[in-house]
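**Student:**
In the numbering used here, the protein residues as written are 1348 to 1593.
1. Count the other CB atoms within 10 Å of the CB of residue 1593; is the residue buried (16 or more) or exposed (fewer)?
2. Taking residue 1439 as part of the alpha helix (DSSP H), name the residues at either end of that continuous run.
3. Between residue 1411 and residue 1436, what straight-line distance do the alpha-carbon atoms span, to the nearest angstrom?
4. Take residue 1420 and list the residues in its own chain whose beta-carbon comes closer than 7 angstroms to its own, dropping the five residues that flank it on each side.
5. Looking at the secondary structure, which residues open and close the alpha helix (DSSP H) in which residue 1397 lies?
6. Within 10 angstroms of its Cβ, does residue 1443 collect 16 or more other Cβ (buried), or is it exposed?
7. What are the residues that DSSP puts in a beta bridge with residue 1517?
8. Looking at the strands, I want to know which residues DSSP matches up with residue 1540.
9. Using beta-carbon positions only, say whether residue 1391 and residue 1474 come within less than 8 angstroms of one another.
10. Starting from residue 1472, trace the beta strand (DSSP E) in both directions and tell me its first and last residue.
11. Taking 8 angstroms as the threshold (C-beta atoms), are residue 1486 and residue 1501 in contact?
12. Pair every Cβ in the stretch 1420-1429 with every Cβ in the stretch 1465-1473, then say whether three or more of these pairs are closer than 8 angstroms.
13. Taking residue 1426 as part of the beta strand (DSSP E), name the residues at either end of that continuous run.
14. Between residue 1596 and the rest of its own chain, which residues show a CB-CB distance below 7 angstroms, the 5 nearest in sequence each way excluded?
15. Would you list the residues sitting across from residue 1414 in a DSSP beta bridge?
16. Do the CB positions of residue 1591 and residue 1560 come within less than 8 angstroms of each other?
17. Would residue 1455 be called buried (16 or more neighbouring beta carbons within 10 Å of its own) or exposed?
18. What separation, rounded to the nearest whole angstrom, lies between the Cα atoms of residue 1577 and residue 1570?
Structure follows, in structure tokens:
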């Protein structure tokens, strides 16, 4: 059985590590049926991932997508295995699959590196698009009005893929009591595009534009994002958000 251990103590040789401090993922430490590739994807399109997955299935592997952050110490293309992985010859074939799909060749990591653990029949495959845009910690609205109301809104981005929107309504620059709203959701990046998913609304991929803006300190580079939801049901429809860089 696969286990994702969070907020629990997990015993490793001669020590206990609390998973709230260090995320420890345990995949099939007890004999799992069949060979499995646990596939992590950050920033590649689903079509590109499907191309690899289909070939892995033909190689005899079950493929399971993992929605978790790739360890920062791993290279953009990485493979993690057990020290006595049962099918070492498959690794060359997997390299060939990745190469034909134009992914960089992987670097190999063994048991416990990145605090990821795999059984002898299983592989962790990590694909991170190093060319994708990295989101700033915060984007603030640059221009946002609706029905005569001024919307003060910010996006807060986390490396985990979580995103938080906080907004308030002002009329004639006066805060309207009781209008503070907070939404928590997820975001995905594909190069210079971003997709949002919240419980009550979501988006297609929205373009992130690199621009030059004039500030009190002179010209600065900035990112611009115009928000549109599929449901067209938010107070920030068509609002421009901006992050300015030093």
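Glycine included, every Cβ here is placed at the ideal spot set by N, Cα and C.
Note that the structure is a prediction, hence the values are computed from the model and not measured.
**Tutor:** Inspection of the coordinates gives the following:
1. By the neighbour-count definition (other C-beta atoms within 10 Å, threshold 16), residue 1593 is an exposed residue.
2. Secondary structure note for residue 1439: its alpha helix (DSSP H) is the uninterrupted segment 1436-1447.
3. Residue 1411 and residue 1436: Cα-Cα distance of roughly 21 angstroms.
4. 1461, listed in sequence order.
5. Residue 1397 -> alpha helix (DSSP H) spans 1393-1405.
6. Residue 1443 is exposed by the Cβ-count criterion.
7. Per DSSP, the beta bridge partners of residue 1517 are 1497, 1522.
8. As computed with DSSP, residue 1540 is found in a beta bridge with 1537, 1554.
9. With contacts defined by Cβ atoms closer than 8 angstroms, residue 1391 and residue 1474 form a contacting pair.
10. Taken as a continuous stretch (DSSP letters only), the beta strand (DSSP E) holding residue 1472 covers 1469-1475.
11. The answer is yes: Cβ separation under 8 angstroms.
12. Verdict: yes, contact present.
13. It spans 1424-1428 - the beta strand (DSSP E) in which residue 1426 sits, taken as one unbroken run.
14. Missing from the structure shown is residue 1596; the chain here goes from 1348 to 1593 and no further.
15. Paired residues: none, contrary to the question.
16. For residue 1591 and residue 1560, yes; Cβs fall inside 8 angstroms.
17. Only exposed fits residue 1455, as fewer than 16 other CB atoms lie within 10 angstroms of its CB.
18. Taking the straight line joining both Cα atoms gives about 22 angstroms.
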